[in-house]
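Participant:
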Amino acid sequence: MAERLYSISEVARAFGVSVPTLRYYEECGLIRPTARRGRVRQYDRAALERLAYAQLWHDDGMMTLADTAAVLTSEDAAERHGLIEAEHAAMRERIDRLTRAADVLRHMLDCPSDHPLSCPVTGAHVRARVDAALTGEGPAPALPSAPAEPSLPDA
14 MAERLYSISE VARAFGVSVP TLRYYEECGL IRPTARRGRV RQYDRAALER LAYAQLWHDD
74 GMMTLADTAA VLTSEDAAER HGLIEAEHAA MRERIDRLTR AADVLRHMLD CPSDHPLSCP
134 VTGAHVRARV DAALTGEGPA PALPSAPAEP SLPDA
């Protein structure tokens with residue numbers, strides 16, 4: 014008995030994407046139809062697994078579509094490993110930036126200053142960004158890792 018094939022519309026419905034999206038994924042090299050019945054693309058389970066990998070890596074923010082396609086189409090294990098390693102390092106950097114940003118937002122919620130512009134912690138960072146921009150020192154400094162709570166003057 015032949016393996017069941019799924020039409021492009023069945024796959025789109027099952028995976029929550031549009032038919033044009035599946036066609037675009039095909040153009041990117043993420044998936045390939047297994048067969049055609051007339052003009053209708055048909056996919057086997059292996060193609061659906063590739064699609065599931067693409068969704069996992071792309072939709073969950075692990076990789077761009079181009080990088081996902083590069084990993085899925087590479088015949089070289091070392092190349093695939095290198096691509097995944099680079100994505101992992103980039104993701105760790107994004108996580109670090111987002112963690113610092115979340116820390117600053119948490120500080121701003123708890124800050125005793127009545128306005129973010131008057132906060133001594135975030136204000137110092139903002140002033141450093143302005144100085145870097147005006148002096149042409151390159152990119153603005155990164156957010157502080159975890160803002161220290163400002164000390165309030167003794168009453």
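If you number the sequence shown the way my numbering does, the last residue is 168 and the count never jumps. Cβ atoms here follow ideal geometry from the backbone N, Cα and C, with glycine treated the same way.
1. Provide the residue span of the alpha helix (DSSP H) that contains alanine 79, from first to last.
2. If we call anything under 7 Å between Cβ atoms a contact, is glycine 42 one with alanine 91?
3. Name the DSSP beta bridge partners of alanine 48, please?
4. With a Cβ-Cβ cutoff of 7 Å, do histidine 71 and leucine 78 count as a contact?
5. In this structure, does DSSP put serine 131 in helix, strand or coil?
6. Rounded to a whole number of angstroms, what is the C-alpha to C-alpha distance between isoleucine 21 and leucine 35?
7. Between which two residues does the alpha helix (DSSP H) holding glycine 95 run?
8. What does the Cβ neighbour count give for valine 53, buried or exposed, with the cut at 16 atoms within 10 Å?
Facilitator: The relevant details are as follows:
1. As a working note, residue 79 is residue 66 in the sequence shown. First-last of the alpha helix (DSSP H) with alanine 79: 78 to 86.
2. Looking up residue 42 in the sequence shown gives position 29. Looking up residue 91 in the sequence shown gives position 78. Not in contact: glycine 42 and alanine 91 (Cβ atoms no closer than 7 Å).
3. Position 35 of the sequence shown holds residue 48. BP columns for alanine 48 point to Gln55.
4. If you number the sequence shown from 1, residue 71 lands on position 58. If you number the sequence shown from 1, residue 78 lands on position 65. Cβ atoms of histidine 71 and leucine 78: closer than 7 Å.
5. Sequence index remark: in the sequence shown, residue 131 carries index 118 (1-based). It is helical.
6. As a working note, residue 21 is residue 8 in the sequence shown. As a working note, residue 35 is residue 22 in the sequence shown. So the two alpha carbons sit approximately 8 Å from each other.
7. Taking the sequence shown and counting its residues from 1, one reaches residue 95 at position 82. Here the alpha helix (DSSP H) through glycine 95 covers 90 to 123.
8. On the sequence shown, position 40 is the one that residue 53 refers to. In summary, valine 53 is exposed, with fewer than 16 beta-carbon neighbours lying within 10 Å of its beta-carbon over all protein chains present.
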